[in-house]
Amino acid sequence: MSSKTDHYAVIGNPVAHSKSPEIHARFALQTQQDLSYERLLAPLDGFVASVQEFVRQGGKGLNVTLPFKLEAYALSTRLTERARAAGAVNTLKFDDGEILGDNTDGIGLVSDIVRNAGIVLTGKSVLLLGAGGAARGALLPLLNEQPARLVVANRTRSKAVELVHRFAAHPHLEVGDFAALDDAFDIVINATAASLASEVPPISPRVFGKRTLAYDMMYAKEPTAFMRFATQHGATARDGLGMLVEQAAESFYLWRGVRPETAAVFAELREQL
Ligand code: NDP
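And the structure:
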């Protein structure tokens, strides 16, 4: 590394589990970019101070993970359209006093479904389960693919209503109730945190058909409870490892202006889970 090495990090609490340093190190090697990328543990009440110190030391950009995505949104002095739509930021870029906030989670999801899994979203029926940060980030990129129907359902219904309300002008977007979902969708995306507790959102198996892609944003060595439930009912299941790699690639592109290849990085990470 030379003195021109640019510094990046992922900031969160906890952050030890993050795979972002491994991913970005591979991207940097592949594209021959001179950069370092570390984990930055911020105190729960010290996000802003930690970011300011990182910038003071010359840091160029941060990935932001739980629980700081809303604080990162508030701290940004400029926002991309998708970050504004999400109301949350997972990527910060520091440039001449400006703090640019972006959200690459949703585009990472869409890239993994469309490019990596080869599934077209345009004209399809899509069910999005959850209304937390990940679901919020996914909504605009999903709508940009012009699905015929996008239904958002959440355990706490009011949050799904609020989320859909943000995109009120969109004709193909609607709120669904877990208990009332009764017909098969082309794509069912689990953006709830249920898989973290090895639980499945309380939905009817009838949302899955033989041609359904069941996508769990969570990833693990073994298929998640949601993936097992979906395949038991005829669907094809995919986890969120590809989303993780694709959102990282999009952040890398924002920072460096170079688009890394993701397939080999994805394969290596899968091997190491
Ligand atoms: P949040 O805490 O912001 O939101 C959690 C959501 O899950 C809420 O909608 C909540 O509903 C719902 N939920 C929690 N437990 C259950 C349950 N037992 N049954 C039904 N619904 C439940 O989390 P995030 O949105 O940040 O993350 C959601 C998931 O997405 C996590 O598994 C996370 O790991 C994954 N993720 C993956 C990424 C990737 O790159 N692959 C990137 C970002 C997230 P309620 O409103 O009722 O509380």
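Going by the numbering used here, the first residue of the sequence shown is number 1341, and it counts up by one from there.
Glycine included, every Cβ here is placed at the ideal spot set by N, Cα and C.
All values reported here derive from a predicted model rather than from experimental measurement.
Run through DSSP, which three-state label would lysine 1433 get?
strand
So, with DSSP's three-state summary, where would you put tyrosine 1353?
The question names tyrosine, but residue 1353 is asparagine in the sequence shown. In the structure shown, asparagine 1353 sits in coil (DSSP, three-state: anything other than H, G, I, E or B).
To which residues of the same chain is leucine 1384 closer than 6 Å at the C-beta, ignoring the five residues directly before and after it?
Asn1353.
So, under 8 Å CB-CB, valine 1547 and phenylalanine 1569 are touching, yes? Tell me the CB distance rounded to an integer number of Å.
So it is not a contact: roughly 10 Å between Cβ atoms.
Any contact between the segment 1551-1569 and the segment 1390-1398? By contact I mean 3 or more CB pairs, one from each, below 8 Å.
no
In terms of alpha-carbon separation, which member of Ser1538, Ala1509, Leu1490 lies closest to leucine 1521?
Leu1490
Just how far apart, CA to CA, sit serine 1544 and leucine 1480?
So the alpha carbons of these two residues sit roughly 26 Å apart.
Counting Cβ pairs, one atom from each stretch, are 3 or more of them under 8 Å apart for the segment 1449-1463 and the segment 1416-1431?
no
Going by DSSP, which residues form a beta bridge with arginine 1489?
Ser1465
Where histidine 1364 and phenylalanine 1592 are concerned, what is the direct C-alpha to C-alpha distance, given to the nearest angstrom?
Rounded to whole angstroms, histidine 1364 to phenylalanine 1592 spans 7 Å at the Cα level.
Tell me which same chain residues have a C-beta within less than 6 Å of the C-beta of alanine 1368, skipping the five on either side of it?
Excluding residues within five positions, the ones whose Cβ falls inside 6 Å are Leu1375.
Is lysine 1550 near ligand 1, in the sense that its beta carbon is under 7 Å from a heavy atom of that ligand?
For lysine 1550, the Cβ stays outside the 7 Å cut-off from all heavy atoms of ligand 1.
Using only alpha-carbon positions, find the residue among Pro1487, Thr1444, Ala1478 that is nearest to lysine 1464.
Among Pro1487, Thr1444, Ala1478, the Cα nearest to that of lysine 1464 is on Pro1487.
Whose C-beta lies closer than 6 Å to the C-beta of threonine 1462 among residues of the same chain, with five residues either side of it excluded?
Glu1485, Gln1486
Pick helix, strand or coil for methionine 1341, following the three-state DSSP scheme.
Only weak support is given to the placement of methionine 1341: the predicted model assigns it a pLDDT of 49, under 50, and the question is left unresolved by the model.
So is the beta-carbon of threonine 1602 under 7 Å away from any non-hydrogen atom of ligand 1?
no
Determine the closest residue to threonine 1345 out of Ser1358, Gln1372, Arg1495, with distance taken between C-alpha atoms.
Gln1372
Give the straight-line distance between the Cα atoms of glutamate 1586 and aspartate 1523, rounded to the nearest whole angstrom.
30 Å
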